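Chains as they are written, first to last, in numbering that gives the first Met the number 0: chain D, 0 to 350; chain V, 0 to 177.
Every residue gets a Cβ at the ideal spot worked out from N, C-alpha and C, and that includes glycine.
In this text, all values refer to a predicted model and were calculated from it rather than measured experimentally.
This report concerns only the one structure given below.
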Amino acid sequence: MTSLLAVEVPYWGQSLLRVLGGIVAVLLPAGTIVYVFLFKMMSFMQSRLGPMEAGPYGSMQLLAEVGKWLQKEDIIPENADRVTFKMAPLIVLVSTFLLVVVVPFGPDALMTDFQAGIYYALAIGSVSVIGILVAGWSSANKYSLLGGLRAAGQLIAYELPMVLAAVGVVIQAGSMNLQQIVVAQNTYEIFGLDWIGMPFVITQCVGFVIFMIAVQAELTQPPFDMPIAESELVSGYMTEYSGFRFLTFFIAEFATAGVFAFIASVLFLGGWGVPFSWFGWDTVDSVDNWMNVVGPIIMLTKMMLLVGIIMWVRFTYPRFREDQLQQFAWKVLIPVSILNIGVTAILKVAV
Amino acid sequence: MTALFASDHGVNVAQNVGFYIIAAAMLWGAFRVVTTRNVVHAALWLVVVLGGIAAQYILAAAEFVAISQVLVYIGAVMVLFLFGIMLTRATIGEETDVNNQGWAIGIPVGLLMFGVLAYVTLDFTEDATLPEPTDEQITGATMAISDAYLGDYLVPLIAVSFVLLAAAIGAIVLARKD
């Protein structure tokens, strides 16, 4: 871990690289997702062109939007609880940055090698709930409070299937360390074919579907967007936020989508790796250094693929009702994921 | 990394500095929990205290325990607290009736608790300095905990889960209307 591209980097340099890497790993996916999917894919699906004026094919539109938000007046409602009102979007954004810390992007291109990596990611993912609840409460607005409460109920309900779906992967890989989960997927074999490795999406397909549904709900993307249902609650917990505070929520929403897609691709799609047998590697230490450059590109591709699915669903399906949403989580997803754990555990021991 | 900051006596200076900074933040947070006049603010200060505990666990190289602390106390207990407060009484601004009459009794009780805990801790460690954990100890910590849970302490674990099950069933019974 002391070398990056075979160059010895001092400890302070590594720390700096990690901080920069973390910022890039959060903001680059967020910007790409907003432009490619929110601006362009949604427009094409609705038979229109989307932004075309700023830059070639509207690619600079993002900068224009950020500039617009930054110069807007910062409005705080008179009855609002000022300190917590200002703090809430930051809690949500910081939890996103904390989330990306454990994602490995290459054999050495990782920020920290937590042994309990997936456990950490799932635990930190629940911290943003506090930010959302506080945002809803401190706005001094009934719509906001309702939106915050709905969001909390939804995030608690969908946290469980997410954790349970990840447990199947942990059992199969025999480790909670995300790096070792990647290695396991690229060194195991399936059907006696050593050239495809064993991405857990094949063996854990039930877990993968449950995980992606839970991610959709955790991100409060349609069809799970009751917390910000605009026809009922104006904009839910974000109603009173404007200008750069809204921008913070907005960035956090899409950055979290990117980070959860990173985590899903590590858990189910083989992460940064290619099957190690292609190049005659057998452990993570024998992987060539160029994977530190290729790995992040592979991760980015897989992330875009998964976020593409999330956004596709988002633009396609109408919103659930609140009771349907809770029933779906507690009566369908959780029993199925517990069953999945049982089957995985039995097969792990038996086979 | 650790060797860089370790002094001659085997005391990790950076770790100690971090400990006192986090401890100071936790003490201030705990003080504000009981002095603030708004219930939601009290809950948020409690989040600071519980997050501080998680940070202390990280400093002690007990990352699995730290993550459990975040998952259970911040992700579940505090969210439930805030949820409950906001469903019932969540006025914005200062309230007058948050403290009850007997709050002063809490001071001697708190001091007594602190005294007992401090005495037990000092008596138990006898000025000993814990050795720096080795890399194997850090990376093997999660596995050691799981081995202990599902090996030596399996029966207590199942007993505790039955207590929790009983509590959950009790809550459902209490909440039922019919």
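Give me the Cα-Cα distance between residue i and residue j, rounded to the nearest whole angstrom.
| i | j | result |
| --- | --- | --- |
| Phe314 (chain D) | Pro221 (chain D) | 7 Å |
| Gly105 (chain D) | Gly116 (chain D) | 15 Å |
| Val214 (chain D) | Asp284 (chain D) | 32 Å |
| Pro226 (chain D) | Ile131 (chain D) | 10 Å |
| Val101 (chain D) | Pro107 (chain V) | 44 Å |
| His40 (chain V) | Ala65 (chain V) | 24 Å |
| Val33 (chain D) | Phe253 (chain D) | 7 Å |
| Ile340 (chain D) | Gly167 (chain D) | 5 Å |
| Thr83 (chain D) | Ala42 (chain V) | 12 Å |
| Pro132 (chain V) | Ala61 (chain V) | 10 Å |
| Ala29 (chain D) | Leu159 (chain D) | 25 Å |
| Leu86 (chain V) | Leu148 (chain D) | 8 Å |
| Pro50 (chain D) | Leu26 (chain D) | 21 Å |
Find the residues of chain D that neighbour residue i, judging by a C-beta separation of less than 7 Å, and give them in chain order.
| i | result |
| --- | --- |
| Met77 (chain V) | Ile129 |
| Ile52 (chain V) | Neighbours of Ile52 (chain V) on chain D: none; closest Cβ ~14 Å, over 7 Å. |
| Ile66 (chain V) | Ala115, Tyr118, Tyr119 and Ala122 |
| Thr141 (chain V) | Gln114, Ala115 and Met175 |
Restricting to Cα atoms, I'd like to know which of the options is closest to residue i.
| i | options | result |
| --- | --- | --- |
| Gln326 (chain D) | D:Pro50, D:Gly152, D:Asp80 and D:Ile337 | D:Gly152 |
| Ala143 (chain V) | D:Lys141, D:Gln114, D:Ala120 and D:Phe278 | D:Gln114 |
| Thr202 (chain D) | D:Ile90, D:Gly49 and D:Gln184 | D:Gln184 |
| Tyr72 (chain V) | V:Ala61, V:Ile52, V:Arg88 and V:Leu86 | V:Ile52 |
| Lys172 (chain D) | D:Glu188, D:Pro160 and D:Ala256 | It should be noted that the sequence gives Ala, not Lys, for residue 172 (chain D). It is D:Glu188. |
| Leu16 (chain D) | D:Gly57, D:Ala87, D:Leu89 and D:Asp107 | D:Asp107 |
| Lys71 (chain D) | D:Leu299, D:Tyr240 and D:Leu145 | D:Tyr240 |
| Phe38 (chain D) | D:Gly307, D:Ile180 and D:Ala122 | D:Gly307 |
| Phe243 (chain D) | D:Leu92, D:Ala79 and D:Ile262 | D:Leu92 |
| Met290 (chain D) | D:Leu304, D:Met303 and D:Gly270 | D:Gly270 |
Cβ of residue i less than 8 Å from any chain V Cβ?
| i | result |
| --- | --- |
| Val102 (chain D) | no |
| Gly147 (chain D) | yes |
| Ile227 (chain D) | no |
| Asn185 (chain D) | no |
| Asp224 (chain D) | no |
| Ala165 (chain D) | no |
| Val133 (chain D) | yes |
| Asp80 (chain D) | yes |
| Ala352 (chain D) | Since the first residue of chain D shown is 0 and the last is 350, residue 352 (chain D) is not available in this structure. |
Return no unless some Cβ of chain D is closer than 8 Å to the Cβ of residue i.
| i | result |
| --- | --- |
| Ile104 (chain V) | no |
| Gly74 (chain V) | yes |
| Phe63 (chain V) | yes |
| Leu70 (chain V) | yes |
What does residue i reach in chain V if we use C-beta pairs closer than 8 Å?
| i | result |
| --- | --- |
| Thr83 (chain D) | Val39, His40 and Leu43 |
| Trp136 (chain D) | Val39, Leu81, Met85, Ala89 and Ile91 |
| Val126 (chain D) | Val69, Ile73 and Gly74 |
Run through DSSP, which three-state label would residue i get?
| i | result |
| --- | --- |
| Asn37 (chain V) | coil |
| Asn288 (chain D) | coil |
| Asn15 (chain V) | helix |
| Phe113 (chain D) | coil |
| Arg17 (chain D) | helix |
| Ser46 (chain D) | coil |
| Pro55 (chain D) | helix |
| Arg31 (chain V) | helix |
| Asn185 (chain D) | helix |
Show which residues of chain D have a CB atom less than 8 Å away from the CB atom of residue i.
| i | result |
| --- | --- |
| Thr138 (chain V) | Gln114 |
| Val46 (chain V) | Ile129 |
Interface residues of chain V around residue i at Cβ under 7 Å?
| i | result |
| --- | --- |
| Ile155 (chain D) | Val78 |
| Leu144 (chain D) | Met85 |
| Ala151 (chain D) | Val78 and Phe82 |
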